[in-house]
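Quick note on numbering: the numbering used here labels position 116 of the sequence shown as 130, and the sequence is numbered without any gaps.
Glycine is no exception: its CB is placed at the ideal position from the N, C-alpha and C atoms.
Just below is one structure, and these are the notes that go with it.
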Amino acid sequence: NPDQEIVAIGVTNIIGCFFSAYPTTGSFSRTAIKSKSGVRTPIAGVFSACVVVLSLYALTPAFYYIPDAVLAAVIIHAVADLASGPKVWKELWDVHPLELFIFVAAVIITFFATVEYGIYTAVGVSLNIIHLLP
15 NPDQEIVAIG VTNIIGCFFS AYPTTGSFSR TAIKSKSGVR TPIAGVFSAC
65 VVVLSLYALT PAFYYIPDAV LAAVIIHAVA DLASGPKVWK ELWDVHPLEL
115 FIFVAAVIIT FFATVEYGIY TAVGVSLNII HLLP
């Protein structure tokens, strides 16, 4: 489940900051592929790591001839399910219309600026709404 991975990475980074640990990251494209293929056990991570190592050492010359646009299309196709669909928009609207506003504002700023500014926008708009609502 991609949601579990996002939570795990977040918790790991929060706990790790108290011990001067390196930031933890993950590959959402590999997570999406594993989710689509119905992976149920952690051994898939070992298999995935072996495929990545094999690709780096044995297949790098073959990747040279593949256009960047094709590689980008493969990654976008794998990650497309991680994007929020209409169901999430409806759930946000059902919670409160301002929740949907926060989400849309963050997505727009992230799309036209950077992820950092998108996060700042979401937090800033949320704090302003909390202070303005009774």
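{"Query": "Environment of residue 22 [buried if 16+ CB atoms lie within 10 Å]", "Result": "exposed"}
{"Query": "Interface flag, residue 29 vs chain C, CB-CB below 8 Å", "Result": "Checking the listed chains, one finds no chain C in this structure; it contains a single protein chain."}
{"Query": "Nearest-angstrom Cα separation, counted from residue 118 out to residue 26", "Result": "28 Å"}
{"Query": "Backbone secondary structure at residue 37 - three-state DSSP", "Result": "coil"}
{"Query": "Length of the line joining the Cα atoms of residue 55 and residue 143", "Result": "42 Å"}
{"Query": "Unbroken alpha helix (DSSP H) run spanning residue 56, endpoints", "Result": "Segment: none, residue 56 is in no alpha helix (DSSP H) and carries neither H nor E."}
{"Query": "Pick from 126, 138 and 128 that is closest to residue 115, judged by C-alpha positions", "Result": "138"}
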